[in-house]
Amino acid sequence: PYRTPEAMPPPPIIDMHCHTAGLGADGSGCFVSPAMASSFRFGIYLKAFGTSREELMEKGDRILVDRIAAQVAGSTNVTAAVVLALDGVAGPDGELDRSRTEVYVPNEHVAASVKGHASLRFGASITPRRKDAIGRLDRAVADGAVLVKWSPSIMDIDPSDPGLEPFYRRLIHHRIPLLSHAGKERSFTFAKDELADPERLRFPLSLGVTVIAGHVAEGGENGGEEDLERLMRLIREYQSLYD
């Protein structure tokens with residue numbers, strides 16, 4: 024509010040943060056938990072997409088990606104969009120823990136769904152504690168992934184965990200960025216907000232990972248500081264950090 028409004032940058036503009044979801048009726052593999060399905064949030068999300076449970080069950084989950092493409096086509100500024108998969112919580116065995124996962128959108132579903140739209144790009148999501156996380160990353164890149172998306176507070180990921188170094192090294196190898204939620208999370212029915220502390224991104228940044236910190240303007244506090252202040256400190260230190 025204290026800055027003079029700036030003009031939009033010239034096209035092409037790519038929206039790098041577009042979510043999709045689904046109920047899995049067409050074999051997409053998508054699902055939402057009973058807690059999310061019964062939450063007031065779910066109805067709002069369906070309305071935002073201009074759809075309903077009945078339509079998704081009838082026509083399949085790909086229609087949400089089709090609608091994102093239609094919105095891009097109707098935009099005067101945005102020329103392309105990255106549609107994001109969303110992995111779930113990994114259990115002690117390195118497999119998907121459905122009981123602790125609220126929304127799951129498989130990489131395979133998003134990669135296949137965007138192929139028919141020249142304006143859409145594939146954003147992968149891989150929980151690094153999956154037992155085959157490196158292999159999943161390699162497959163996603165082969166399928167055209169342009170980034171990897173994390174929501175640490177709902178995927179139960181600690182970005183500062185030293186055990187994630189092999190995954191980070193593989194991201195660097197493939198030269199694709201990590202888009203990580205950094206700030207409080209209220210889009211789900213639960214969140215471990217401490218895992219989205221921007222300071223936890225210091226470790227991957229120190230290794231050379233390109234990091235995009237999403238949503239930090241939504242607020243949140245850690246270590247007695249606002250998350251935005253913690254992010255700004257990192258931005259001054261690392262040229263590979265974006266928000």
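Here the working numbering is used: the first residue of the sequence shown is 24, the next is one more, and so on.
Even for Gly, the Cβ is constructed at its ideal location relative to N, Cα and C.
| Asked | Found |
| --- | --- |
| Between the CA atoms of Ala104 and Pro35 - distance to the nearest angstrom | 11 angstroms |
| Simplified DSSP state of Val186, which is helix, strand or coil | At residue 186 the sequence reads Gly, which differs from the Val that was named. Here Gly186 sits in helix by DSSP. |
| Reference Trp173; option with closest CA among Glu208, Asp161, His197 | Glu208 |
| According to DSSP, residues forming a beta bridge with Ser203 | Trp173, Ala236 |
| C-beta atoms of Arg85 and Ser136 nearer than 9 angstroms | yes |
| Cβ shell of Val95 (< 6 angstroms), same chain only, five flanking positions each side left out | Val101, Ala104, Ser142 |
| Leu230 vs Leu257 beta-carbon contact at 9 angstroms | no |
| Arg64, enclosing alpha helix (DSSP H) - first and last residue | 63-71 |
| Check whether Ile149 and Ala163 have beta carbons under 9 angstroms apart | yes |
| Cβ pair count under 8 angstroms reaching 3, the region 189-203 against the region 242-262 | no |
| CB of Ser183 within 9 angstroms of CB of Phe226, strictly | yes |
| Extent of the continuous beta strand (DSSP E) to which Leu143 belongs | 143-147 |
| Beta-ladder partner(s) of Ile157, from DSSP | Ile157 pairs with nothing; no bridge assigned. |
| Nearest to Asp266 (by Cα), restricted to the options Val106, Val234, Ile177, Ser61 | Val234 |
| Cutoff 8 angstroms; reference Ser263; Cβ partners in own chain excluding five residues on either side | Leu228, Gly231, Val232, Thr233, Val234 |
| Buried or exposed by the 16-neighbour rule on C-beta atoms within 10 Å, applied to Thr43 | buried |
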